[in-house]
Structures are given as structure tokens and as C-alpha cells.
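J.:
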Amino acid sequence: MRRRGWFLGSAAVLVSVVVFVVPFAFIVLQAVKDPRGAAELDFSWPDQFRFVENLVEVVTARDYMLVIAFINSTILTVGSVTVLVILAAMVAFVLQRRRTRWTGLVNFLVLAGLIIPPAVVPTIWVLQGVGLFRTMAGLILVEVAFGLSFSILLFRNFLATVPRELDESAVIDGAGPLRVFFQVIFPLLRSVAVTVIVVQSVVIFNDFVNPLYFLPGEQNATVQLTLYNFSSQYATQYNLLFMDILLITVPPLLMFLVANRRIVAGLTAGAVKG
Amino acid sequence: MTRSPYPHWFYLPAAVVYGTLFLVPTFASFYFALTRWTLFDQEFIGVENFVTFFGEPALVQGLTNTLIYAVVTSGLKVVLGLPIAILLTSNIIARGFLRSAVFFPVLVSTIGVGLTFTILMHPSNGLINDALAALGVQGPAWLTDPSYALLSVALVDVWKGVGLATVIYIAGLVSIPREYLEAARVDGAGRWATFRHILLPLSMPATTTVIILSLIGGLRSFDLIWAMTRGGPGFTSDVIASVIYKQYQAGFYGLSTAGNVVLFVLVTAIVLPLSRWLGRKEVEL
Chain A
1 MRRRGWFLGS AAVLVSVVVF VVPFAFIVLQ AVKDPRGAAE LDFSWPDQFR FVENLVEVVT
61 ARDYMLVIAF INSTILTVGS VTVLVILAAM VAFVLQRRRT RWTGLVNFLV LAGLIIPPAV
121 VPTIWVLQGV GLFRTMAGLI LVEVAFGLSF SILLFRNFLA TVPRELDESA VIDGAGPLRV
181 FFQVIFPLLR SVAVTVIVVQ SVVIFNDFVN PLYFLPGEQN ATVQLTLYNF SSQYATQYNL
241 LFMDILLITV PPLLMFLVAN RRIVAGLTAG AVKG
Chain B
1 MTRSPYPHWF YLPAAVVYGT LFLVPTFASF YFALTRWTLF DQEFIGVENF VTFFGEPALV
61 QGLTNTLIYA VVTSGLKVVL GLPIAILLTS NIIARGFLRS AVFFPVLVST IGVGLTFTIL
121 MHPSNGLIND ALAALGVQGP AWLTDPSYAL LSVALVDVWK GVGLATVIYI AGLVSIPREY
181 LEAARVDGAG RWATFRHILL PLSMPATTTV IILSLIGGLR SFDLIWAMTR GGPGFTSDVI
241 ASVIYKQYQA GFYGLSTAGN VVLFVLVTAI VLPLSRWLGR KEVEL
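Going down the list, the protein sequences come from chains A and B. Residues 1 to 274, numbered by full-length UniProt numbering, are exactly what the first sequence covers, in order. Residues 1 to 285, numbered by full-length UniProt numbering, are exactly what the second sequence covers, in order.
1) Between the alpha carbons of A:A259 and A:L14, how many angstroms are there, rounded?
2) To the nearest angstrom, how far is it from the Cα of A:T60 to the Cα of A:V198?
3) Would you identify the three-state DSSP class for A:G274, choosing helix, strand or coil?
4) Take the Cβ of A:L67 as the centre, count every other Cβ of all protein chains shown within 10 Å, and call the residue buried at 16 or more, exposed below.
5) Tell me the DSSP secondary structure of B:E56 in three-state form.
6) Any chance the stretch 41 to 54 of chain B sits against the stretch 167 to 180 of chain A, with 3 or more Cβ pairs inside 8 Å?
7) Using a Cβ cut-off of 7 Å, pull out every chain B residue sitting near A:G9, in sequence order please.
8) Looking at B:G112: is its Cβ nearer than 7 Å to the Cβ of A:I245?
9) Please report whether the beta-carbon of residue 280 of chain A lies at a distance below 7 Å from any beta-carbon of chain B.
10) I want to verify the contact list: residues of chain A whose CB lies under 7 Å from the CB of B:F10, in sequence order.
11) Measuring straight from C-alpha to C-alpha, what distance separates A:N107 and A:A11?
12) Would the stretch 19 to 31 of chain B and the stretch 107 to 126 of chain A be scored as touching if the rule is three or more Cβ pairs under 8 Å?
13) Using the DSSP secondary-structure output, state which residues sit across from B:Q138 in a beta bridge.
14) Is the distance from the Cβ of B:L263 to the Cβ of A:P117 below 7 Å?
15) I need the boundaries of the alpha helix (DSSP H) containing B:F44, first residue and last residue.
16) If the cut is a Cβ gap below 8 Å, which residues of chain B does A:V52 touch?
17) Three-state secondary structure (DSSP) at B:R3?
18) Using the Cα positions of B:I86 and A:T226, report the straight-line distance between them to the nearest angstrom.
19) In chain A, which residues lie with their C-beta within 8 Å of the C-beta of B:V167?
20) Below 8 Å between beta carbons is the criterion; list the residues of the stretch 224 to 244 of chain A that meet it against any residue of chain B, in chain order.
21) Determine whether the Cβ of residue 290 of chain A lies closer than 7 Å to any Cβ atom of chain B.
22) Quick check on DSSP: helix, strand or coil for A:R98?
23) Chain B beta carbons: is any one of them nearer than 7 Å to that of A:A137?
24) Taking the beta strand (DSSP E) that B:R185 belongs to, which residues open and close that run?
25) Does the Cβ-Cβ distance between B:M12 and A:A145 come in under 7 Å?
26) Which residue's Cα is closest to the Cα of B:R276: B:I211, B:K246, B:A258, B:L200?
27) Tell me the residue span of the beta strand (DSSP E) that contains A:T123.
28) Answer with buried or exposed for B:W142, where buried requires no fewer than 16 other C-beta atoms within 10 angstroms of its C-beta.
29) Contact between the stretch 20 to 40 of chain A and the stretch 110 to 127 of chain B: three or more CB pairs below 8 Å?
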């Protein structure tokens, strides 16, 4: 039994290294090569290491485009996730605690939000109507609208484990709805809130489609769009393209190292219940 | 009766955002799909956009490609995800490393993955074909051969997404009571019998989730295809979502929105009955 596990394990490690590790190693190797070496597209040890030079070149390219893009992506991610957590938790709280004629409709809309593909041009039309097209605020609200369903489900499932007696005793102490929610309940949601934050941060940071449609323009580009634009610009400078890919992989990698369990818990809980 | 501590207005902020930016556009799409539309003015033309959509071979191919792509990716995620999950819940070495290796691609930028694999799949210099050549196999021109392009992108989609299927299966497998497996062992069930009669049926809820999630994702898929082939060569790897984008770029907003409506109908017509059917199968078990 032990020997068998050892054998299977080694085979699995070998296969996973070839299938999953080699592509990432390839990214790193390409990113530190000189242009000529990178152009050969080989999986080989670099002739010379140009990590710093390539890094500086990518960061300074087109007037620090990448720095601006990282700032844009950070604003987008932090802004959307903050709004998302508060709005989703409020909905989930009432949805889980109180059964009224609205409950069925809200549940239906939550599921609809998970399934229905957003209608692109009509969304642009609405954004133009309210004066938010091509604005960061508009894109943040779009991300919130599209991310609400998943976040509400996670919060609602968790709220079922938070005892009602807590709200009731707070009400007896004379707290209004806002105080009950923000001072008594919300702090107890910390663990699921962290899950929502990590999962949605990764999703929104990696989002390509919504910035592409709703926030066009060079100065507004997020990192995913910059990467996409670089891909045509650097068609002959693979070392710089891969340095860019490497840089964009760093934030998810950090999330993964810090909060892998949370991410997996969030994705599986939301998924199995959804 | 005092006022409820769970006031309805807690729904309001979310409802405003969701209503304006999701519900209104969804309903509006059914009207704008019937117009010739430039955002500034619109002309009602009935079902002409849909006639164009289903009359143009390139657009019809987008529709069939969407179906092929969704079925292939979700099928492969089930077929690969369950065995990998069984392997990763068994008693093997390096389990933590293996789980991380399989799952990490889920978190990485789709565009980054797409661009990397575009280069790995380069027909003459790419690492994949170099490796195949070393084994004496002549690899195909993955992304530039019209008959392989869509499937090549689908394979990369599976590479990136199989980790999610795996963790869903792992969550399902660890919830199976150990007594069942021990009872099966006492009764002399072999590995295959255990898999066939215990693991497979009891991981049905996980299978449902994996299928539904990957179908929804696969039918809407855009980023990876756009990063790797932009629908090419020709229109051979176009899907509805890339058609929507191309028509939008060309200024045919009505036609683009008609594509959205087609996608809406396709997703609901497939996902709703399927999830009901799979849900019933679960109950029968």
C-alpha cells in the first residue's frame, strides 16, 4: 500500500511538473532572456540574465503605461470589492433572516445573475444615459452588478450559521437595524467576508472583458488590457512580453500563497450550493 | 408590531446597481436586437438581425463553435477532474504540491495564459511541438490549422480550469462517509467496483456543479479565444461572444445585441433544463 502510494505519487508529480510547472518556468525563463535568446522560444537556460534590464524596460515602456495600469487595476479591484462586500452582505442578511413576498423574487434574481450573460451594448447605452460610460466609477458599478449574485450566495450560506438570538438581544438593547447589522452581525461575518474579498479580487483583477467594453482608452487601461496591447507591440520582443506576463501573475500568486484555503473554500461552497 | 430589524431597504442599494446595470440592459437587449442601432439613433427593423445572424455562414459557425467549445471543455473537466480528485484525496506523496500545481492556473490571468500557450503552441518553434518531435511525433499546427484551432483553445481552457473542477470534486469526495468505503472493502469490492458503485454515484452533486459551471463559463467564453486566435484562422474559432465583440467594433450594435439575445437563449435553454434534470438524478440516488 505504501509502496503503491509512493509510485503513484512520483508518477503524478512527474506529470504535473511537465503539464503545470513547465509553462510557468517557461514564462520566468523567457522573462529574463535577452531579445535574441527569447526569440528562439526554447525551453533553455538563458545565456545571460537580464531580469533588471527587462523589468525596467517593461515598466518604463510608453511613459510608464504599466505603472498607470497597475494603479487603475488596484483602484478598480479595491473599489469594486469594497462596495460588493457591503451591498452583498446587506442583501444576504435580510434575505436569510426574513421571509416575505420579496424573498422568492430576490432568490430568483440572484440565480438569474449567475446564469444570464450580460448584454453588452445595452449596458453601454445605460452607462451613457447616466453619464458613467468611460469612467472608473461606471466600471466599478458594473463589476459590482455582475459580482453580486455569487457574493450574496456566500454570505447567505454563512449567515445561516449565525444565531438569530444575537440580532434579537441587540434589538432588545434598543439597537436600530443599521446598528444591529453593522455593529453586531457584520463583524461576525469576517471569515466569509475575507473569502468573498479574495475570490472577487482575483476575478476582478483578472477581468478582461468588462474593462475592454466599458472603460476603453489608453490612459484607462487595466493590466489585462495593457498585456493584451503589449502582445501586438512586443510581437518581436518576447522577453518583454513574458516579463509583463510575469508581473501580472505576481498579485494572484501572492493571494494564492496567503489565502489558498479561503479561495478553495469560497469557490467550492458557492459552487456546490449555487 | 414594531419595525422589523431586517428592513427591506437593505435590498435597495444592491437593487439599484443590479437593476440599472444588469436588469435594464437585459430587458433592453430584447428590443435593441430588433433595431438598426448606432447608440444615437435606432430604427426598428423587426427580426432582420436574426435573419442576418442565421443566414451568414460565419455567424452560424460561431454558434456551432460555441456549443462544441462548451461541451468539449465541460466534458473534459468532468472526465479529468474526478480521477485527479480521487488521486489527490488518496494516500500519495506530495499531495500538497500536487493540489497547488493543479489549482494555481485557475487564479492566473486568462490573457496571460492565452498568450503563453499561443507561443508554446507555435507550429515550428513551439515547445509543445519540439517535445512531440523529440518523441518522434509530428505535432499539428495547433492554432493556425482551421481544423484544430478551436479544439486547441478548448484544451488550454481545460488546462486552466480543471483545477476548479478538481477542488469541487475533492469537496464532494471528502464528504462521503468513510464507513461506505470500509464496508465495500469488507465485502471484497475491488478498486473499480468501489469507484463505479460508491465514488461515482456519490459524487453526483459535484458532477452537477462542475457541468453547470463549466457550461455557463464555456458558452460565454471570450477572453481565451480572443487572446489566442481572435476567432481565426478565418472564422473557424469564432464563438458567439467573439462575434458580439466583432459586430460591436464594426459599429453594428443591433446585430451585436442580437448575438447577445441568441447567447441568452442558448444559455438558458441548455442550463435550466439540464440543472433540473441533473438535480432529479441526484434525488433518485
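Even glycine gets a Cβ: it sits at the ideal position worked out from N, Cα and C. Here the structure is a predicted model, which is why all the values come from computation and not from measurement.
T.: Looking at the coordinates:
1) Distance between the alpha carbons of A:A259 and A:L14 is about 26 Å.
2) 29 Å
3) For A:G274, the pLDDT reaches just 38, beneath the cut-off of 50, and the residue's location in the model is therefore unreliable, although a value from the coordinates is still provided. A:G274 falls in the coil class under three-state DSSP.
4) According to the sequence as given, residue 67 of chain A is Val; it is not Leu. Looking at its Cβ environment, which holds fewer than 16 other Cβ atoms inside 10 Å, A:V67 is exposed.
5) coil
6) no
7) I92, I93, A94
8) Yes, they are a contact pair.
9) Since the first and last residues shown for chain A are 1 and 274, residue 280 of chain A lies out of range.
10) M90, V91, F93, V94
11) 46 Å
12) yes
13) None; B:Q138 has no bridge partner.
14) yes
15) Segment 42 to 44 is the beta strand (DSSP E) holding B:F44; no alpha helix (DSSP H) there.
16) Under the 8 Å cutoff, chain B gives no residues; its nearest Cβ is about 21 Å from A:V52.
17) In this structure, B:R3 counts as coil in the three-state DSSP scheme.
18) 39 Å
19) V264, L267, T268
20) From the stretch 224 to 244 of chain A, only Q224, L227, Y228, S231, Y238, L241, F242 have a Cβ closer than 8 Å to chain B.
21) Coverage of chain A is limited to positions 1 through 274, which leaves residue 290 of chain A absent and any answer about it impossible.
22) For A:R98, the secondary structure class from DSSP, reduced to helix, strand or coil, is coil.
23) no
24) Note, B:R185: premise wrong, no beta strand (DSSP E); alpha helix (DSSP H) at 178 to 186.
25) Met is not the amino acid found at residue 12 of chain B; the sequence shown has Leu there. Taking a C-beta distance under 7 Å as the contact criterion, B:L12 and A:A145 do not qualify as a contact pair.
26) B:I211
27) Membership of A:T123 in any beta strand (DSSP E) is not indicated; the residue belongs instead to the alpha helix (DSSP H) covering 120 to 129.
28) Taking all protein chains shown into account, B:W142 has 16 or more neighbouring C-beta atoms within 10 Å of its C-beta and is therefore buried.
29) yes
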